[in-house]
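Numbering (the numbering used here), first residue to last: 88 to 155.
This is how it looks when you write it as structure tokens:
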């Protein structure tokens, strides 16, 4: 992370784990304008991508193969 006197620079990356309802609310209320997300397992992939009306960066392929 790089900082300057005026605060954080635009190239700052933050990684966090949040429950789906929290992420959904942050996006809905425009408290978070853009994000990239990864689903941790097939259940969160099925529910998360549908709820956010978006697609995650990487489908959890290994776990999907095990469940099928």
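We treat Cβ as the ideally placed atom computed from N, Cα and C, and that holds for glycine. A quick note: this is a predicted structure, and the numbers were derived from the prediction, not measured.
### Query
Around the Cβ of residue 122, are there at least 16 other Cβ atoms within 10 angstroms (buried) or fewer (exposed)?
exposed
#### Entry: Nearest candidate by alpha-carbon position, reference residue 118, set 102, 131 and 110
110
### Query
Hey, how far is the Cα of residue 133 from the Cα of residue 108?
14 angstroms
### Query
Among 106, 113 and 114, which residue has its Cα nearest to the Cα of residue 131?
106
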